[in-house]
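Novice: Read in order, the letters of the sequence shown correspond to residues 34 to 375 in the working numbering.
I am attaching a structure below and will ask some questions about it afterwards.
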Amino acid sequence: MMLFYKNRSLVNNMLLNANELHYNTFMRVAFVGKGGSGKSTATTLFFLYLVKHKSPVLCIDADLNIHIPNLLGIEFPKERALSDPKNTRAIRKYLKGTSKHIRSIDHFYKTTPPSKGVAFVMLDEKNPIIQQYCVAYRPSAYLAIVGTYEEEEIGRSCYHTNLAIFENLLSFARLNENEWIISDMVAGIDAFSNTLHAQFDLLVLVVEPTKESVDVFTQYYRLAQHADVSNRLVVVGNKIEDEHDEAFLKTNIPDDIFIGGIPKYRSIKIQRQQGLPLTEKILNDIDITIFSTIEKKARALRQDPNDRLKRLYDLHRAYIQQDYVKLASGDLSHQIDPTFHF
Ligand SMILES: Nc1ncnc2c1ncn2[C@@H]1O[C@H](COP(=O)(O)OP(=O)(O)OP(=O)(O)O)[C@@H](O)[C@H]1O
Ligand SMILES: [Mg+2]
């Protein structure tokens with residue numbers, strides 16, 4: 034009898050471990066690139082592609098110029114923006130949970146890692162973050178926005194301050210195997226000045242067939258190499274009109290990085306000129322091969338959550354060395370909890 038129980042608990046433990054393995058092996062994709070290259074359009078089309086395939090997804094519009102609600106035809110109440118100071122505090126209070134490693138929400142920084150006792154962001158309609166700060170597009174398909182500058186912030190704040198809560202959400206996300214977080218990022222190379230470059234499995238750089246757009250690729254690629262994430266960077270061409278455009282991108286971008294292109298579609302142009310949203314229907318009129326390529330690439334590159342956590346620890350250690358952090362909060366190295374694992 035004893036042996037039976039012993040074995041049963043062994044089996045239970047194995048089952049538990051197997052279940053645990055599924056946690057946080059979800060995919061995270063960020064769309065980046067030059068202003069106007071098509072980040073928001075590509076994010077929206079990929080979101081619709083995932084919705085069509087019934088993959089649970091949280092789309093986060095992390096650009097200063099908020100375009101995704103409009104592209105999806107969603108009324109997004111401004112009061113739900115993640116970076117609204119009231120919301121940021123409430124979200125951090127929730128995420129802190131009962132953790133003893135985060136002394137108070139005033140000690141919650143952009144690099145603060147999860148520790149024992151914290152609460153998580155999960156793709157569940159009952160999750161407080163989903164309930165209070167997201168809007169459902171379909172069941173299991175949600176949208177959140179980071180938010181833009183408020184008038185009173187102009188001149189005394191920078192967008193990086195707004196992005197910190199977005200970084201927190203990514204660090205405290207605990208999703209399941211087939212779930213996705215995708216994000217439309219701010220134009221340019223800002224992602225490298227915070228933890229964001231380390232938060233995604235795949236960085237999709239949207240590039241138009243122009244010299245300026247290719248120059249952004251060159252700059253981005255160098256930074257990605259420097260930050261040791263160049264293996265996660267792929268380029269998707271956009272607004273491609275003919276073979277010449279495609280050849281131009283192929284000549285300027287290495288083969289293993291250029292994964293395909295999105296043509297310039299008259300249907301998208303007309304829809305948007307009329308101020309109409311993009312819907313799942315548009316996927317019937319366009320070639321979706323590139324979106325299945327992005328999906329496969331992200332699945333192949335998805336990181337073990339605990340490896341990602343180690344990277345966050347490194348970024349946290351570097352960040353808390355800064356004088357202004359030390360002056361405001363003292364030593365924050367105890368926020369790293371060696372007993373915590375996803
Ligand atoms: N494949 C496409 N076919 C037709 N029109 C497109 C395509 N991709 C983008 N556009 C159009 O190009 C313009 C810029 O696209 P979009 O807003 O997606 O770029 P963005 O990189 O998000 O810009 P911003 O930096 O301003 O946020 C929009 O008018 C959009 O409708
Ligand atoms: Mg945009």
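Ideal Cβ placement from N, Cα and C applies to all residues, glycine included.
May I ask you to verify whether the segment 70-87 touches the segment 234-243, counting CB pairs closer than 8 Å and requiring at least 3?
Specialist: Yes: at least three Cβ pairs fall under 8 Å.
Novice: DSSP has Phe64 in a bridge; who is on the other side?
Specialist: Per DSSP, Asp217, Val237.
Novice: Per DSSP, which one or two residues make a beta bridge with Gly294?
Specialist: Paired residue(s): Gly270.
Novice: Alpha carbon to alpha carbon, how far is Pro172 from Asp318?
Specialist: Between Pro172 and Asp318, the C-alpha separation is close to 24 Å.
Novice: DSSP three-state label for Ala231, please.
Specialist: Here Ala231 sits in helix by DSSP.
Novice: Taking DSSP as the reference, what is the three-state secondary structure of Leu91?
Specialist: Looking at Leu91 - three-state DSSP - the assignment turns out to be strand.
Novice: Can you list, in chain order, the residues of its chain whose CB lies under 7 Å from that of Lys297, leaving out five sequence neighbours each side?
Specialist: Cβ within range, chain order: Lys272, Ile273, Glu274.
Novice: Which word fits Gln307, buried or exposed, when buried means at least 16 other C-beta atoms lie within 10 angstroms of its C-beta?
Specialist: Gln307 should be labelled exposed.
Novice: Please name the residue in Asp337, Ser325, Pro89, Gly69 whose C-alpha comes closest to that of His100.
Specialist: Cα-wise, what sits closest to His100 is Gly69.
Novice: Mind the definition here: the segment 127-146 touches the segment 211-222 only if three or more C-beta pairs lie below 8 Å; say whether that holds.
Specialist: No contact exists between the segment 127-146 and the segment 211-222.
Novice: Mark Ser325 as exposed unless 16 or more other C-beta atoms lie within 10 angstroms of its C-beta, in which case mark it buried.
Specialist: Counting Cβ neighbours within 10 Å, Ser325 comes out exposed, since fewer than 16 surround it.
Novice: Which residue or residues does DSSP assign as beta-bridge partners of Ala169?
Specialist: DSSP lists Tyr175 as partners of Ala169.
Novice: Just to confirm the assignment: which complete alpha helix (DSSP H) runs, minimum length 4, are found wholly within the segment 329-368?
Specialist: The segment 329-368 contains these whole alpha helix (DSSP H) runs: 338-352, 356-362.
Novice: In chain order, what residues have a CB nearer than 7 Å to some heavy atom of ligand 2?
Specialist: Going along the chain, the residues that qualify are Lys72, Ser73, Asp96, Asn98, His100, Asp217.
Novice: Taking the Cβ atom as the reference point for each residue, do Val151 and Gly130 lie within a distance shorter than 7 Å?
Specialist: Yes, they are a contact pair.
Novice: Spatial neighbours of Tyr175 within its chain, please: C-beta separation below 8 Å, excluding the five flanking residues on both sides.
Specialist: Excluding residues within five positions, the ones whose Cβ falls inside 8 Å are Val90, Leu91, Cys92, Leu156, Ile163, Cys167, Val168, Ala169.
Novice: Among Arg344, Leu345, Leu365, which has the Cα closest to the Cα of Gln354?
Specialist: Closest option to Gln354, Cα to Cα, is Leu365.
Novice: Along the alpha helix (DSSP H) that carries Asn285, what are the first and last residues, could you check?
Specialist: Asn285 -> alpha helix (DSSP H) spans 276-285.
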